[in-house]
Structure formats: C-alpha cells, structure tokens
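The first sequence lines up with residues 7 to 261 when you count with the numbering used here.
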Amino acid sequence: MKIATWNVNSLSVRLPQVLDWLHAQSPDVLALQETKLTDDRFPHADLLAAGYHSVWLGQPTYNGVALLSREPAQQVQRGIPGLDDPQARVIAATFGEIRVIGAYFPNGQAPGSDKFAYKMQWLDALQAWLAKELAQDAKVALVGDFNIAPEDRDVYDPVAWEGQIHCTPEERAHFRSLLDLGMFDAFRAFEQPPKSWSWWDYRNLAFRKNQGLRIDHILLSESLRASLRQCFIDKAPRKNERPSDHAPVVAELET
DNA sequence: ATGACATTGGTACAATGA
C-alpha cells in the first residue's frame, strides 16, 4: 500500500504532471491539495481513464482537496465533522483497513493575524476529530500540506524563519499534539538526507539553491509503524518546466 | 524592499500563497 500526498497548486494546470506521476509511481492512494477547482470541473473522467477513482471537495479559486485511488473510496467524509468551514480543506475515506485523511492546513499568513487565529481554531478542530478517528479506526494516515515545519532541521534558514509563519511555537506545539494522539512522522522514521524539503518558493531560484521547507507530511498511527517500508520526497516533479511549488511525499506500507 | 513568482477570475490587477 503506497500512500502519497501532493499540493499541486491548481489541478487544471498540473493534470498532465499528475497523470505522468501516477504512471511513474503507481500509488494506491494520492491525496491532492490546492486543486483550485469547483466540483463540476473536477477531471474525474481523465483520472478514471488513467486507472484512478476520485473523491473531491472543491470551491472556486482557492483550496480544494481530493483523494485518488486504485480502489474506490469507502465512507467518504468531506470537511471536519461539526466544523462550519466554508474553505474546502479536508477529505477523508477508508481504503481497505486504513482511514486516510487528506488535508490542506491553513497557511496562517502571520502570527497575530485573523488568518493565524483561524489556523489555530482549525487545528483544534482537526485534533479533536483525529482523536475520535483514532478511537474508531486502528489504522489512520493523516497526510497533506500541513503548512508547518515541525523542527528547525525542516527549514533551510532556521534563524531567518524563527517565529515566522510555519515555524511559530504555537504551530509546532499543534504538530506535536497530533503526534501525541498516537501518530508518528513517517519521513522521520528513517534516516534522511539533510536539507530535505517538500516546498521551495517560486522566487529567487529557491529550488536551484535548495532553499525550502518541509511542510508536507505523512503521519501514521503507531499501529502502522511495523508495516512502514519507506518514506521519501520525490523531487522529480519539481524539475518540470512549469512545476507546482510543492513536491509529493510518499509512504510505502507492507500490504 | 508589505519586493521577487504563480494562480484565479476575468480581461486589470487584487487576493492568496508560504
């Protein structure tokens, strides 16, 4: 079971790259963020022709999430239950024994802003829901664009980024709280190359200089630890002529 | 340097991202 996540920054622009990548990596489940599509424009027929079922939650212009899968999704949940959120950020479904939650965490803009307050509220709601999901389903994967760099080693210039958005103590405390519910960071379960990022700014030749952040994550419930075989960031799609600013993260589980 | 670059909606440039 190969589970992946990728912020594509517009699925209409990136669809050819997504189709290429599905062919190259053959994930069983791929969570997408920032589809930036209304539900009526979701390219489900193209994806089905490539061998993937889709479930999605969209809105005009911003946000938008989807789960693509070899097998059809079961028990689909759109949005965080009980959270009245006009922003399309969450879609969850069950694949075999595994509950997969695909999420596009709020950016938060800057500490002290209204958007930061929204991010904190949203994180509270996610945490409460994840606790319930873990009580119901033994095997849970929380994947997506977290917009949180959990530690200084996840930041190309931790001094410059200290206290900045994605790196604030409040965001990092929320990340640890998710782990404390009984999850672990699949990427950090293995030795990884230093300076591993999942996002590079479009500006300033950041990708060429490898100046980035690791903000896209795959968290797995402890019940899945023994079956995790590998976890990696695939930088290949970031080398495209017209790439997303994010690279996919992949976790491979036995069976 | 409220900058750079990319995307959407709409057809000029503001909002948003991270």
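Just so it is clear, CB atoms sit at the ideal spot from N, CA and C, and this is done for glycine as well.
Here the structure is a predicted model, which is why all the values come from computation and not from measurement.
- DSSP links LEU63 through a beta bridge to VAL71.
- For HIS252, the secondary structure class from DSSP, reduced to helix, strand or coil, is strand.
- Residues ILE86, PRO87 of the same chain have their beta carbon placed closer than 7 angstroms to that of TRP135, with the five preceding and five following residues left out of the count.
- Taking the C-beta atoms as reference points, ASP240 is found no nearer than 8 angstroms to PHE152.
- Counting along the chain, LYS8 sits inside the beta strand (DSSP E) bounded by residues 8-13.
- Less than 8 angstroms divides the Cβ of ILE104 from the Cβ of LYS145.
- A residue is called buried when at least 16 other Cβ atoms come within 10 angstroms of its Cβ; GLN115 does not meet this threshold and is exposed.
- Around THR67, the same chain offers LYS42 as residues with beta carbons nearer than 7 angstroms, after the five sequence neighbours per side are excluded.
- Of the candidates GLN127, LYS121, HIS29, ASP186, the residue whose Cα lies closest to the Cα of ALA55 is HIS29.
- Taking 4 residues as the shortest admissible run, the stretch 147-208 contains the following complete alpha helix (DSSP H) segments, listed from N- to C-terminal end: 164-167, 175-186.
- Shortest Cα-Cα distance from THR261 to any of ASP251, HIS252, ALA232 involves ALA232.
- A direct Cα-to-Cα measurement between ALA155 and GLU247 gives close to 26 angstroms.
- Between PHE193 and CYS237 the beta-carbon gap is near 5 angstroms, inside 8 angstroms, which marks them as a contact.
- When DSSP states are grouped into helix, strand and coil, LEU43 belongs to the coil group.
- Residue state for SER119 is assigned as coil, using DSSP reduced to three classes.
- For ASP222, the beta-bridge partners assigned by DSSP are ASP151.
- With a 10 Å radius around the Cβ and a threshold of 16 neighbouring Cβ atoms, LYS125 comes out buried.
- About 5 angstroms separates the CB atoms of LYS8 and GLU258; that is less than 8 angstroms, so the two are in contact.
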